[in-house]
Every structure is written in C-alpha cells, then in structure tokens.
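Chemist: Chains G and Y, in that order, are what the protein sequence lines are. Numbered by our numbering, the letters in the first sequence go through residues 1 to 114 in order. Numbered by our numbering, the letters in the second sequence go through residues 1001 to 1110 in order. Backbone N, C-alpha and C define an ideal beta-carbon position, used for all residues, glycine too.
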Amino acid sequence: NAGVTQTPKFQVLKTGQSMTLQCAQDMNHEYMSWYRQDPGMGLRLIHYSVGAGITDQGEVPNGYNVSRSTTEDFPLRLLSAAPSQTSVYFCASSWLTGQRAEAFFGQGTRLTVV
Amino acid sequence: GEDVEQSLFLSVREGDSSVINCTYTDSSSTYLYWYKQEPGAGLQLLTYIFSNMDMKQDQRLTVLLNKKDKHLSLRIADTQTGDSAIYFCAEMWGNEKLTFGTGTRLTIIP
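Right, here's the structure in full:
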C-alpha cells in the first residue's frame, strides 16, 4: 500500500515554463488537496477536490490549475512558473467517516523557479 | 479566515515530557490533527481528535482538547532524540480542508 505518491521529488524550472506535479493515492480516498509550504508560514491550501470531477480553490490558488478525472489522481499544473512559486508542495488525501478522519500526505515536491 | 497559532520553538531535556500547544479560532472544526515533520521529509500523521472528545491517548502521545478555550495540546512522554522535529497542529473544516499552524520546532537537550 503506497499511500500518497508525489512525483517528481525535486524540480528546477525557469521563469515562464510550465509543468505538472503528479499526485496519486491508492487508498480510494474521496478528498484530495494540494498545499504549499513556505518558511515561517506553515502549509497553505492551493486547491482541493471532494471527488472525481469536482475541484475548488483554496487559500492561494493563483497561478495553479488542477483537475480530478479519476479518484486516484490529482495533478497540479503551473501554467507559467514564477519565482514566487518556489516552495515545497504537498499533496494530501483524506477520508472521513464517523470518528475516523485520516488525512495523509505525500513526501513533497521541492520546486525552485529561477 | 481560520487561524491556528503555535509557538515556534520548544526545548526539552531527554526523558522529560514535551508539551506543544496550539490555539485555533474556528469553533466549527470537526477534527484536530497533529503532524510531525523531520528535516527534508513529508508530514507524518501522529494523531487526531474528534471535536467532541476531551482527550485521546496513544502510547507516548496524549492529546488534550479544551473546546471552550479553543486550545489543543500534544504531550509526548519520555521524550527521545528521535522526537526532534517540527510539529504542526491543524484543524479540519468542510471535511476536506486543513488549516495549519506555523509549526513548533522541538529540540531535545541530551
């Protein structure tokens, strides 16, 4: 059981380039989300999804797109990378029922935009 | 929006108990979480508590929730060097969105 898998682990982009960060989960969780982690700011929500075909914006969505065509996958797209998007990106999946509320994270993607 | 606050640093002697505190503002939070992050690693789910509970214990970890004061704490008994990490509290709202504190860096003094 792999849990939440993110690829790549590291990436360097030039300003203006585009790329997709991949996230996959094998736990059949309904909910998936993307966060970015910046020094001194904890994690901030970028986009989230409550199920296949449904996505919504979080706290810091500008510059990012998402889609959720399957339950398992939730890719994050940077359309035109900017230095302000240098960060560590975490994907999460969660499943809530009754008093069980498990929310697991991937190992992160460290992105540098030069 | 929701706000979660933690102190940034905590130092504890090996073998003592560590208590990491957190305050939150959203009274409608359903679940509250504690995560551990070691250098260069992802977030490891340590434990969580349902908002209608006061306490949850799991081996060396004890979570206390004071819903009236919106205060959450994590106690680590018999703190070891392997407990050195950044600890994040987070509140769940809307069933799928987590709001995180800025994290508390726990340093163990030998």
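1. Where does Y:GLN1044 land, buried or exposed, given buried means 16+ other C-beta within 10 angstroms?
2. Are G:TYR89 and G:THR109 closer than 8 Å when you measure CB to CB?
3. Closer than 6 Å by C-beta to G:GLY58: which residues in its own chain qualify, once you throw out the five before and the five after it? Chain order, please.
4. Are there three or more Cβ pairs, one per stretch, closer than 8 Å when the segment 32-45 of chain G is compared with the segment 1015-1033 of chain Y?
5. Sorted by chain position, which residues of the same chain lie with C-beta nearer than 7 Å to Y:ASP1078's C-beta, five sequence neighbours on each side aside?
6. Please go through the same chain and pick out, in chain order, the residues whose beta-carbon is closer than 6 Å to the beta-carbon of Y:CYS1022, but skip the five residues on each side of it.
7. In this structure, what does DSSP give as the bridge partners for Y:GLN1037?
8. Given Y:GLY1001, which residues of its chain have a CB within under 7 Å of its CB, disregarding the five upstream and five downstream residues?
9. Run down chain A in chain order and give the residues with a C-beta less than 8 Å from the C-beta of G:LEU111.
10. Can you find the residues in the same chain that come closer than 7 Å, C-beta to C-beta, to G:SER87, ignoring five residues on each side of it along the sequence?
11. To the nearest angstrom, how far is it from the Cα of G:PRO83 to the Cα of G:GLN17?
12. Using a Cβ-Cβ distance cut-off of 8 Å, determine whether Y:TRP1093 contacts chain G.
13. Note down the Cα distance separating G:GLY53 from G:ARG68, rounded to an integer number of angstroms.
14. From which residue to which residue does the beta strand (DSSP E) around G:ASN28 run?
15. Is the Cβ-Cβ distance between G:PHE95 and G:MET27 less than 8 Å?
16. Spatial neighbours of Y:THR1107 within its chain, please: CB distance less than 8 Å, with the 5 preceding and 5 following residues excluded, ordered by chain position.
17. Is the CB-CB distance between G:LEU78 and G:GLY98 below 8 Å?
18. Can you list, in chain order, the residues of its chain with a C-beta nearer than 6 Å to that of Y:LEU1098? Leave out the 5 residues immediately preceding and following it.
Modeler: In brief:
1. exposed
2. yes
3. Correct list, in chain order: LEU45, ILE46, HIS47, TYR48.
4. no
5. GLY1015, ARG1060
6. GLN1006, LEU1072, CYS1089, GLY1101
7. Y:LEU1043, Y:ILE1086
8. Residue placement at Y:GLY1001 is flagged as unreliable, the pLDDT there being 44, under the threshold of 50; the coordinate-derived value follows with that caveat. Excluding sequence neighbours, Y:GLY1001 sits near nothing in its chain.
9. Of the protein chains in the structure, G and Y, none is chain A.
10. ARG36, GLN37, ASP38, LEU111
11. 11 Å
12. Proximity of Y:TRP1093 to chain G, defined by a Cβ-Cβ separation below 8 Å, is not satisfied.
13. 5 Å
14. Run containing G:ASN28: none; DSSP gives neither H nor E here.
15. The sequence given here places Trp at residue 95 of chain G; Phe does not occur at that position. Going by C-beta atoms, G:TRP95 is nearer than 8 Å to G:MET27.
16. For Y:THR1107, where only same-chain residues beyond five positions count, the Cβ hits under 8 Å are PHE1009, LEU1010, SER1011, VAL1012, SER1084.
17. no
18. ALA1090, MET1092
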